[in-house]
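Chains as they are written, first to last, in the numbering used here: chain A, 3 to 186; chain B, 224 to 398.
Take a look at the structure below.
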């Protein structure tokens with residue numbers, strides 16, 4: 003772990019909110035992306051991400067530095083996102099409405115019209131397909147795609163073996179490929 | 224030598240760099256000469272890059288200030304809850320409020336000891352009177368051994384009004 007990051011963590015453990023603000027600024031987008039990939043709805047993802055950082059601050063004295071800070075943070079995030087999904091079980095209507103903004107934004111940034119339309123369709127189908135996975139399968143595919151975390155790191159976050167992670171990833175990819183078909 | 228299907232099912236782990244060197248070399252050799260596996264590799268790469276792209280696009284729209292404001296509000300609420308708890312504990316545990324607790328605790332302990340333990344002298348009836356100084360009350364404890372009945376009686380300390388009566392009522396060992 004970087005010295006400066008560890009210094010910040012030590013300050014947070016002494017209750018310095020300003021130090022925690024620096025840590026949050028560094029990680030909030032990455033944590034938000036993982037959570038959004040799991041809960042799909044922007045407002046829900048925002049709420050879960052804020053709760054993640056709040057819980058992390060509340061429990062930061064328990065962080066002893068045995069693992070990376072982001073691994074510890076992701077564990078909180080993933081557990082909260084899984085709990086949230088089990089509680090809410092939102093339908094795909096919210097998801098589609100929400101993600102329409104994203105694909106439109108992607109479209110305006112592009113320069114190749116064919117590719118823009120293709121990407122937009124793929125984005126819609128991809129998010130719809132992920133929504134149909136179980137929370138555990140969503141978690142592994144999102145952490146791998148977004149963060150490129152190793153199976154060992156994902157296993158540490160999810161509290162299971164590398165073999166289980168490999169198996170879940172294989173299943174999740176297969177399901178997504180089936181759903182997306184010729185769009186890939 | 225692994226079959227085509229076995230290699231195809233390991234492509235994801237291979238792309239993730241999670242296979243042993245020998246296994247990875249075998250898969251790489253196979254993929255170079257297999258159009259089907261080459262296509263599968265491209266689909267897997269597109270799948271992950273598309274997912275990352277969609278989520279990154281969305282996350283890039285989230286500004287830090289409103290995000291942090293929400294976190295800070297939760298932290299502040301937690302602090303005020305704690306502060307409220309501390310205030311309550313401080314008020315509750317101050318000396319004047321604890322005055323009632325001392326005689327009650329003493330009585331409860333005394334009653335617990337004498338009622339549940341099988342002391343040798345438990346076979347006799349007992350009576351005791353204690354005064355609660357500063358509150359104008361006396362507490363009497365009457366215990367009958369045969370029926371194992373105990374009576375706690377709180378009553379006005381009439382003598383406390385009288386300056387001549389400075390000593391508490393004497394305890395009696397039997398009645």
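All C-beta atoms, glycine included, are put in the ideal place defined by N, C-alpha and C.
Distance CB(residue i)-CB(residue j) smaller than 9 Å
i              : j              : result
residue 232(B) : residue 172(A) : yes
residue 141(A) : residue 178(A) : no
residue 135(A) : residue 270(B) : no
residue 175(A) : residue 267(B) : yes
residue 49(A)  : residue 293(B) : yes
residue 59(A)  : residue 19(A)  : yes
residue 11(A)  : residue 67(A)  : yes
residue 282(B) : residue 35(A)  : yes
residue 72(A)  : residue 29(A)  : yes
residue 368(B) : residue 349(B) : yes
residue 39(A)  : residue 278(B) : yes
residue 69(A)  : residue 123(A) : no
Cβ-based burial, residue i [other Cβ within 10 Å; buried from 16]
i              : result
residue 284(B) : exposed
residue 224(B) : exposed
residue 88(A)  : exposed
residue 227(B) : exposed
residue 53(A)  : buried
residue 377(B) : exposed
residue 85(A)  : exposed
residue 185(A) : buried
residue 273(B) : buried
residue 105(A) : Because residue 105(A) carries a pLDDT of 45, less than 50, the predicted location of this residue cannot be relied on, and the following value inherits that uncertainty. Classification of residue 105(A): buried, given that the 10 Å Cβ count is 16 or more.
residue 79(A)  : buried
residue 287(B) : exposed
residue 235(B) : buried
residue 331(B) : exposed
residue 99(A)  : The pLDDT assigned to residue 99(A) is 49, lower than 50, so where the model puts this residue is not dependable, and the model offers no usable value.
residue 364(B) : buried
residue 301(B) : exposed
residue 241(B) : buried
residue 325(B) : exposed
residue 255(B) : exposed
residue 304(B) : exposed
Chain-ordered neighbours of residue i on chain B, where CB pairs are closer than 7 Å
i              : result
residue 172(A) : 232, 235
residue 26(A)  : 291, 294
residue 161(A) : Chain B residues near residue 161(A): none, gap ~19 Å exceeds 7 Å.
residue 55(A)  : 294
Backbone CA spacing between residue i and residue j [nearest angstrom]
i              : j              : result
residue 83(A)  : residue 147(A) : 17 Å
residue 110(A) : residue 128(A) : Residue placement at residue 110(A) cannot be trusted, given a pLDDT of 47 that sits under 50; what the coordinates show is reported in the next sentence. Taking the straight line joining both Cα atoms gives about 19 Å.
residue 374(B) : residue 55(A)  : 57 Å
residue 229(B) : residue 243(B) : 15 Å
residue 46(A)  : residue 90(A)  : 10 Å
residue 166(A) : residue 137(A) : 14 Å
residue 160(A) : residue 276(B) : 24 Å
residue 62(A)  : residue 164(A) : 26 Å
residue 237(B) : residue 6(A)   : 35 Å
residue 291(B) : residue 169(A) : 36 Å
residue 333(B) : residue 308(B) : 32 Å
residue 250(B) : residue 37(A)  : 33 Å
residue 31(A)  : residue 327(B) : 58 Å
residue 253(B) : residue 239(B) : 17 Å
residue 8(A)   : residue 335(B) : 54 Å
residue 125(A) : residue 51(A)  : 22 Å
In DSSP terms, what residue i is bridged to
i              : result
residue 372(B) : 367(B)
residue 52(A)  : BP columns for residue 52(A) are empty, so no partner.
residue 349(B) : 366(B)
Interface partners of residue i on chain A, CB under 8 Å
i              : result
residue 259(B) : In chain order: nothing, as chain A lies at least about 13 Å away.
residue 246(B) : Chain A residues near residue 246(B): none, gap ~12 Å exceeds 8 Å.
residue 241(B) : 152, 153, 164, 168
Where residue i meets chain A, residues with beta-carbon distance less than 7 Å
i              : result
residue 287(B) : 27, 30
residue 225(B) : Residues of chain A passing the Cβ test: none, with the nearest at roughly 15 Å.
residue 278(B) : 35, 38, 39, 148
Proximal residues of chain B, C-beta to C-beta of residue i below 9 Å
i              : result
residue 186(A) : 265, 266, 267, 269, 270, 273
residue 59(A)  : 294, 297, 298, 301
residue 76(A)  : Chain B residues near residue 76(A): none, gap ~14 Å exceeds 9 Å.
residue 87(A)  : None at all; the shortest Cβ gap to chain B is about 16 Å.
Residue i: contacting residues in chain B (beta-carbon distance under 8 Å)
i             : result
residue 19(A) : 295, 298
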